[in-house]
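A.B. asks: First the structure, which I've put down as structure tokens, then a few questions once you've had a look.
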Amino acid sequence: MIGLGTSTPRLATGQAARLRRQTAARMPVATWGDSLTVGAGASAPSAAFPAVASGLRSPVRDIANLGIGGQTSTQIAARQGGVPIAVSLATGSIPGQFGAAWNFSQGLGGWASRLATNPPAEVYADTENGQLVLVGIGTSGSGAQVWLDHTFAAGSIVEFSFDIDIGGAPWCEIGLVKASNPTHFSGNWSASKGFSSGGHKSFTLVVGSGAEQTANSLLLMSHTRVATYRLSNLVVREVVSSAVSAKSVNILMNSGNYSGSVAGNLLGVGGTMRTDAGGNWTFERAAPGAAVAVPDGTRFVPASATDNATRTAWIWAGRGNYTEPAQVMVDIAAMVASLGHSRYLVAAILPSAADTAAGVSTIAALNANLAALYRTHFVDLLGALQAHAGGTPGDIADLAAGIVPRSLRSDAIHLNDAGYAIVAAAFTAAGI
-9 MIGLGTSTPR LATGQAARLR RQTAARMPVA TWGDSLTVGA GASAPSAAFP AVASGLRSPV
51 RDIANLGIGG QTSTQIAARQ GGVPIAVSLA TGSIPGQFGA AWNFSQGLGG WASRLATNPP
111 AEVYADTENG QLVLVGIGTS GSGAQVWLDH TFAAGSIVEF SFDIDIGGAP WCEIGLVKAS
171 NPTHFSGNWS ASKGFSSGGH KSFTLVVGSG AEQTANSLLL MSHTRVATYR LSNLVVREVV
231 SSAVSAKSVN ILMNSGNYSG SVAGNLLGVG GTMRTDAGGN WTFERAAPGA AVAVPDGTRF
291 VPASATDNAT RTAWIWAGRG NYTEPAQVMV DIAAMVASLG HSRYLVAAIL PSAADTAAGV
351 STIAALNANL AALYRTHFVD LLGALQAHAG GTPGDIADLA AGIVPRSLRS DAIHLNDAGY
411 AIVAAAFTAA GI
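Structure below.
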């Protein structure tokens, strides 16, 4: 009885630990890395290690591939949220943005007949179907118009999105006009777009591309067409961008080129950071709102960090800047510290066949430090790959040089399908 009594707590503890491991092994994963995580050199995206690993367990595990080619550990950590991205805006603020939407289920919402023509067209709301109905009667310039209580300056970019049924008419036109006042709808186009078919429409207009340089109203014009037009789900949004004058980390790089965009949050304002080919960033706010002052050095939080915060993290970073081993260690530590949980793995950095002997030695020392620090959370990918070397002279020479066997590589550093399969198995076997 004494023996049973003393072993039961240990048995329960062991069962609880196994259950925790089993639960962790089913959690969704975010794989953070560079081109090796992307799967460069694989025959297809399905042969990249995250895709292969997702199918090694039943049911299939949700594993997100968050690799971007050529990135350093600092850039990877910044995308993950461990390293802050501090930015400054050229103007010191995010400009205000105008936006409006109409679904017409509660009425016209300010829309009325354009009064520049006589007789005006009939305009009413089909509230049951959420549509503005314009009955074109053949009067030149007739249409439906709404005052915006906002003036768009010349050069403003305005996004439109809506659904329209043009009732068999050959053509109609929608856009921005400059009206003289909010009660007598008239005015000339500031920017417009014509359509010869119905359906869903999405486009942008530049204010000032028409006869007027500013705009304060929207217009749906039937011209001389006799038809019934139905407009629904109308959303109009000004596109507002702010130039970024400084940034602490440039994460918008892929394989050595400035490219891409990333959604995120800047001082509570959601939006998208974009880059041009010269590495210059702009922040485009996502939703209408008032102007917001942004002090220099304000943190931009990528959506990739917040969206994947609860996932298990598989970290394979440092190949792009292994010559700065101390920085690699700091970046990986920051990634781990930001997680708020212990479901993570840190993978060994692979040496390249193009590295010097000194470079291979630097990577070996860096991997030893990572292994000592992260212990059961460390995945020795180099060891796993070398354990699958063939008996060819080339593989034997690669083992002697301390690098990945060439039978598992597609080039000096990237793996082939067989190599990525070994990586997938090694991550999966770690049980996290």
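Residue -9 is where the sequence shown starts when you use my numbering, and the numbers rise one by one after that. Note that beta-carbon positions come from the ideal geometry of N, C-alpha and C, so glycine has one too.
#1: Any idea what DSSP makes of Ala146, helix, strand or coil?
#2: Could you check where the alpha helix (DSSP H) with Val28 kicks off and where it finishes?
#3: Who does Asn247 pair with in a DSSP beta bridge?
#4: Mind listing, in chain order, the continuous beta strand (DSSP E) runs of no fewer than 3 residues lying wholly within the segment 299 to 348?
#5: Any contact of the segment 177 to 189 with the segment 233 to 242, i.e. 3+ C-beta pairs under 8 Å?
#6: Quick check on this structure: which residue in Ala411, Ala420 and Ile339 has the alpha carbon closest to the alpha carbon of Gly45?
#7: For Arg275 and Ser231, what's the separation of their Cα atoms in angstroms?
#8: Would you mind giving the Cβ-Cβ distance between Ala338 and Asn357, rounded to the nearest angstrom? I have them listed as a contact below 8 Å.
#9: Looking at the structure shown, is His140 part of a helix, part of a strand, or coil, going by DSSP?
#10: Judging by CA-CA distance, which residue of Glu163, Asp24 and Ala316 is the nearest neighbour of Gln61?
#11: Look at the alpha carbon of Arg396 and the alpha carbon of Leu340, and state the distance between them as a whole number of angstroms.
#12: Measuring only from the beta carbon, is Ala343 closer than 7 Å to any heavy atom that is part of the ligand FMN?
#13: Taking Cβ positions, are Leu98 and Leu166 nearer each other than 8 Å?
#14: Examine the Cβ distances between the segment 60 to 78 and the segment 288 to 297 and report whether three or more of them are shorter than 8 Å.
#15: Sort Ile58, Val369, Ala390 and Met211 by Cα distance to Ser249 and report the nearest one.
#16: By Cβ distance below 6 Å, which residues in the same chain neighbour Tyr114 in space, the five residues on each side in sequence not counted?
#17: From Asp370 to Arg51, what distance separates their C-alpha atoms?
#18: Per DSSP, which residues does Tyr114 bridge with? Please list them.
#19: Exposed or buried, which one is Thr107 when buried takes at least 16 other CB atoms within 10 Å?
#20: To the nearest angstrom, how far is the alpha carbon of Pro383 from that of Ser351?
#21: Looking at C-alpha atoms only, which residue of Phe152, His404 and Glu314 is the closest neighbour of Trp92?
#22: Since Ser235 is in the beta strand (DSSP E), which residue starts that stretch and which ends it?
#23: Going by DSSP in three states, Gly(-5) sits in which element: helix, strand or coil?
#24: With a cut-off of 8 Å, do at least 3 Cβ pairs link the segment 135 to 150 to the segment 169 to 176?
#25: Is it true that the CB of Gln121 sits closer than 8 Å to the CB of Ser222?
#26: Could you check where the alpha helix (DSSP H) with Ile386 kicks off and where it finishes?
#27: Do the CB positions of Tyr364 and Val318 come within less than 8 Å of each other?
#28: Less than 8 Å between the beta carbons of Ile147 and Val196, yes or no?
#29: Between Phe193, Trp161, Lys191 and Gly177, which has its C-alpha nearest Gly200's C-alpha?
#30: Once you ignore the five residues that flank Ala102 on each side, which residues in its own chain have a CB closer than 8 Å to its CB?
#31: What are the residues that DSSP puts in a beta bridge with Arg289?
#32: To the nearest angstrom, how far is the alpha carbon of Ala316 from that of Gly260?
#33: Report the rounded CA-to-CA distance for Val284 versus Gly258, giving the unit in angstroms.
#34: Would you mind working out which of Pro110, Asp116, Gln87 and Gly89 sits nearest Ser95, comparing C-alpha positions?
#35: What separation, rounded to the nearest whole angstrom, lies between the Cα atoms of Val42 and Ser36?
C.D. replies: This is what the structure holds:
#1: Note on identity: in this sequence residue 146 is Ser, with Ala being the wrong assignment. Ser146 falls in the coil class under three-state DSSP.
#2: Unbroken alpha helix (DSSP H) run through Val28: Ser25 to Val28.
#3: Looking at the DSSP assignment, Asn247 forms a beta bridge with Asn244.
#4: For the segment 299 to 348, the full-length beta strand (DSSP E) segments reaching 3 residues or more read 302 to 306 and 334 to 337 along the chain.
#5: These segments do not touch.
#6: Closest option to Gly45, Cα to Cα, is Ala411.
#7: For Arg275 and Ser231, the distance between alpha carbons rounds to 7 Å.
#8: In this structure Ala338 is in contact with Asn357, their Cβ atoms being roughly 5 Å apart against a cut-off of 8 Å.
#9: If DSSP states are grouped into helix, strand and coil, His140 belongs with the strands.
#10: The closest CA to that of Gln61, considering only Glu163, Asp24 and Ala316, is found on Asp24.
#11: Going by the C-alpha atoms only, they are around 13 Å apart.
#12: In terms of ligand content, the structure shown is empty, and the ligand FMN therefore cannot be addressed.
#13: For Leu98 and Leu166, no; Cβs fall outside 8 Å.
#14: Three or more Cβ pairs drawn from the segment 60 to 78 and the segment 288 to 297 lie within less than 8 Å of each other, which places the two stretches in contact.
#15: Closest in C-alpha terms to Ser249, from the list Ile58, Val369, Ala390 and Met211, comes Ile58.
#16: By the criterion of a C-beta distance shorter than 6 Å, Tyr114 is surrounded in its chain by Val123, once the five residues flanking it on both sides are discounted.
#17: Straight-line Cα distance between these residues: approximately 22 Å.
#18: Paired residues: Val123.
#19: With 16 or more other Cβ atoms inside 10 Å of its own Cβ, Thr107 counts as buried.
#20: Their backbone Cα atoms lie some 22 Å apart in a straight line.
#21: Among Phe152, His404 and Glu314, the Cα nearest to that of Trp92 belongs to Phe152.
#22: Per DSSP, Ser235 belongs to the beta strand (DSSP E) from Ser231 to Lys237.
#23: Legend: pLDDT at Gly(-5) = 45, less than 50; position of this residue unreliable, no value from coordinates given.
#24: The answer is yes - the segment 169 to 176 touches the segment 135 to 150, with three or more Cβ pairs under 8 Å.
#25: If you check the CB distance, Ser222 and Gln121 come in under 8 Å.
#26: Element bounds for Ile386: Pro383 to Ala391.
#27: With respect to Val318, Tyr364 sits apart: the two C-beta atoms are not nearer than 8 Å.
#28: Val196 is positioned such that its CB atom lies closer than 8 Å to that of Ile147.
#29: The shortest Cα separation from Gly200 among Phe193, Trp161, Lys191 and Gly177 belongs to Gly177.
#30: If we look at Ala102 and ignore the five residues flanking it on each side, its Cβ neighbours are Val113, Ala134, Gln135, Val136 and Phe175.
#31: According to DSSP, which records beta bridges pairwise, Arg289 is partnered with Ala76.
#32: Cα to Cα, the separation comes out at about 34 Å.
#33: When rounded, the distance between both Cα atoms is 10 Å.
#34: Ranking Pro110, Asp116, Gln87 and Gly89 by Cα distance to Ser95 puts Asp116 first.
#35: Their Cα atoms are separated by approximately 7 Å.
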